[in-house]
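Engineer: My questions will all concern the structure given below.
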Amino acid sequence: MREIGVVGVGQSNFSRGCRMRVPELAFEAFKEAMQDAKLTTADIDASIVCSSMYDPQRSPEGTISDYLDLAPKPTLLVENACTAGTSGVKLAWSLIKSGLHKVVAVIGVEKMSGQDSREVAEMMGRTYDITWESSAGFTMPSGYAMHARACMAKYGLTEEQLAKVRVKNSFYGCKNAKAAYQKQLSLGDIMQSEQVASPLKKFDCCANADGASCTILAAADICRGITTTPVWILGIGSGSDTQISRRTSYTSFLSVRTAVERAYGMAGVRPADIDVAEVHDCFTIAELIAYEDLQFCARGEAATLIEGKETYVGGRMPVNVDGGLLSKGHPIGATGGSQTRTIVKQLRGEMGETQVKNAKIGLVHNVGGVGHYCNIIIFGR
Amino acid sequence: MSENGSFEEFGIVHYTKDTKIPEFLKYLEDGKVMATRCKDCGLLYFPPKADCPKCFGNKVEWVEIKKPGKLLTYTVVNYGPAGFENRTPYVIGVAQFEDDIRALALMSDSIPQEDIRVGLNVRLTVKKNLPDYIVYNFEKV
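The listed protein sequences derive, respectively, from chains H and U. Start counting the first sequence at 1; every next residue gets the next number (my numbering). Start counting the second sequence at 1001; every next residue gets the next number (my numbering).
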């Protein structure tokens, strides 16, 4: 299926303090994507802003659309926790597929530096059910920590194996000029970092960040007119899950399993066909569970992939070779677009030192909450 | 604080005032942790809910969770969100009870941390510290 493609991708620097207003931050990504696509604002039919609004601005789509000189073109906001970015891409795909629009700009943006870390942890904790879960002091690290504990009890996963995910992703973070963290961390650095929610330590966790991303999608005829290297959306799948206590497994996510079945089915590909993947490594454990949920390995064998360096460039299944959320930082609404940008650039062969040789099919795995929402998008050239 | 128990007191931090099931708090004040069963189709819900999306019934009976269960997973939280800064470290877990009921709750402070492990036998109990809060938590059996 080569009906709708990506013609432009962009991303701001991800940082712990951007010192910009939200529309200014959005501009950084929009400009890069528009120049990448060689388009002007007149070419854009509609925009979708993806954000969880960790800053005072309400309805940011209006002020962003105005700042980018897109008014009076339609604009709307997608809030879907950490999956907002790819939900925006999915919605843009649907709007183009329906014939309503031809060219849609998806802009993910989040500014988190204006808030105290504990305040952000509390706001993020309200992604859970506020009555039954948040009221007990349940946080995002706590939710993933419970999954890590369950994997340790069931499969004998170790804290060192978790740390090796961060070793890999910090290695690639050093090669990503837009990452908030560009420092190689050793196994010792990670193992000795302070406990956040056992067994997860500080360096098992990604950091809040400021950042923006932009993905420009277009119908096939327009794609072919704009670029000789369109990257096509081959498959999309999404899913959701219940409150934490109503789940039957803490070693896998139903939302991801549901989404990936649909995405592989729609794209007509198998896990072995994927050349490069971006997975939602908000915590080290999240990347390991993703290896299994995406069927890159059998159940309980994720640790052997990281131990064998199979998810490095040159390995069997390169994952997060842009540093992942762990190195880039996680500006909630911008993350899905950043993942998309990396895969699009990989499929165009533009990644330089971290290029996966002859990558033809790439996968984005974007998860919201603690497996509450999942979008899988499969791209091909 | 109301004398009959108000949902506003539920949770260490209170986010909820209005609900279709204020009875849950009354039971909690009596030391009982209750699930709901749909009177029409018999489905059991925990956390309790007034409405059954399976059969669209909205008549419930209250069922006490009495028997002990097993801890499925847990975490020791060392970095607390706003409202919990001074409570760390605290332990949150999920336990499995009879009739496929699972609950997420804080572990009682009386359980030594070195005793906490996956598979630990726990029961749901009520912890009251009014007017500050009332919660259900896990006690070691």
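Virtual Cβ for every residue (Gly too), placed ideally from N, Cα, C.
Identify whether Met317(H) lies in helix, strand or coil by the three-state DSSP scheme.
Structural biologist: It is coil, neither helix nor strand.
Engineer: Where are the alpha helix (DSSP H) runs, 4 residues long or more, that stay fully inside the segment 282-307 of chain H, in chain order?
Structural biologist: Runs of the alpha helix (DSSP H) inside the segment 282-307 of chain H: 284-293 and 302-307.
Engineer: Smallest Cα separation from Pro1112(U): which of Val1076(U), Arg1102(U), Lys1127(U) and Thr1125(U)?
Structural biologist: Measuring from the Cα of Pro1112(U), the nearest candidate turns out to be Val1076(U).
Engineer: With 9 Å as the C-beta to C-beta threshold (strictly closer), list the residues of the segment 129-142 of chain H near chain U in chain order.
Structural biologist: Hits within the stretch, in order: Asp129, Ile130, Thr131, Trp132, Glu133, Ser134, Ser135, Ala136, Gly137, Phe138, Thr139, Pro141 and Ser142.
Engineer: Return the CA-CA distance between Thr83(H) and Pro56(H), expressed in angstroms with no decimal places.
Structural biologist: Near 21 Å, if we compare the C-alpha coordinates of Pro56(H) and Thr83(H).
Engineer: Does DSSP put Gln161(H) in a helix, a strand or coil?
Structural biologist: Correct three-state label for Gln161(H): helix.
Engineer: Indicate whether at least one CB of chain U lies closer than 8 Å to the CB of Gln35(H).
Structural biologist: So, not an interface residue.
Engineer: In chain H, what lies closer than 7 Å to Phe1010(U) by C-beta?
Structural biologist: In chain order: Ser135.
Engineer: Confirm, please, whether the CB-CB distance from Val367(H) to Cys374(H) is below 8 Å.
Structural biologist: The answer is yes: Cβ separation under 8 Å.
Engineer: In three-state DSSP terms, what is Asn358(H)?
Structural biologist: Asn358(H): coil per DSSP, three-state reduction.
Engineer: How would you write the range of the alpha helix (DSSP H) that Lys1026(U) sits in, first residue to last?
Structural biologist: That run of the alpha helix (DSSP H) goes Glu1023 to Glu1029.
Engineer: Give the secondary structure of His372(H) by DSSP, where H, G and I count as helix, E and B as strand, and everything else as coil.
Structural biologist: Of the three classes helix, strand and coil, the one that applies to His372(H) here is coil, per DSSP.
Engineer: What residues from chain H crowd round Thr1164(U), counting only those whose CB sits closer than 7 Å?
Structural biologist: The structure shown has nothing for residue 1164(U), since chain U only spans 1001 to 1141.
Engineer: Beta carbons nearer than 7 Å to chain U: which residues of the segment 229-252 of chain H have them?
Structural biologist: Under the 7 Å Cβ criterion, the segment 229-252 of chain H contributes Ile244, Ser245, Arg246 and Tyr250.
Engineer: Taking buried to mean at least 16 other C-beta atoms within 10 Å of its own C-beta, is Ala37(H) buried or exposed?
Structural biologist: Ala37(H) comes out buried.
Engineer: Which chain H residues are close to Glu1085(U), counting only those with a beta carbon under 7 Å from its beta carbon?
Structural biologist: The answer, in chain order, is Arg118.
Engineer: Quick one: grab the DSSP three-state call for Phe203(H).
Structural biologist: The answer is helix: DSSP assigns Phe203(H) an H, G or I state.
Engineer: Is it the case that the Cβ atoms of Thr227(H) and Val7(H) are separated by a distance below 8 Å?
Structural biologist: Yes, they are a contact pair.
Engineer: Under 8 Å, Cβ to Cβ, is there at least one residue of chain H near Ala1050(U)?
Structural biologist: By this cut-off, Ala1050(U) is not an interface position.
Engineer: List the DSSP bridge partners of Leu1124(U).
Structural biologist: Note: Leu1124(U) sits in a beta bridge opposite Phe1138(U).
Engineer: Using a Cβ-Cβ distance under 8 Å, would His372(H) count as near chain U?
Structural biologist: It does not; no Cβ of chain U falls within 8 Å.
Engineer: Looking at the unbroken beta strand (DSSP E) that takes in Ser240(H), where does it start and where does it end?
Structural biologist: From DSSP, the beta strand (DSSP E) with Ser240(H) extends over Val231 to Ser240.
Engineer: Report the partner residues of Ser47(H) according to the DSSP bridge assignment.
Structural biologist: According to DSSP, Ser47(H) bridges with Thr75(H) and Ala105(H).
Engineer: Determine whether the beta carbon atoms of Pro1053(U) and Asn1121(U) lie at a separation below 8 Å.
Structural biologist: No, they are not a contact pair.
Engineer: With a threshold of 16 other CB atoms inside 10 Å of the CB of Asp210(H), please say whether the residue is buried or exposed.
Structural biologist: Result: buried.
Engineer: Does any residue of chain H have a CB that is nearer than 8 Å to the CB of Tyr1090(U)?
Structural biologist: For Tyr1090(U), the answer is yes, since a Cβ of chain H falls inside 8 Å of its Cβ.
Engineer: When Cβ atoms are compared, which residues of the segment 1026-1051 of chain U fall closer than 8 Å to chain H?
Structural biologist: Hits within the stretch, in order: Phe1046 and Pro1047.
Engineer: For Trp1062(U), which of helix, strand or coil comes out of DSSP?
Structural biologist: Note: Trp1062(U) maps to strand in three-state DSSP.
Engineer: Output needed in chain order: residues of the segment 1105-1129 of chain U with a Cβ under 9 Å from some Cβ in chain H.
Structural biologist: Residues Ala1105, Leu1106, Arg1117, Val1118 and Gly1119.
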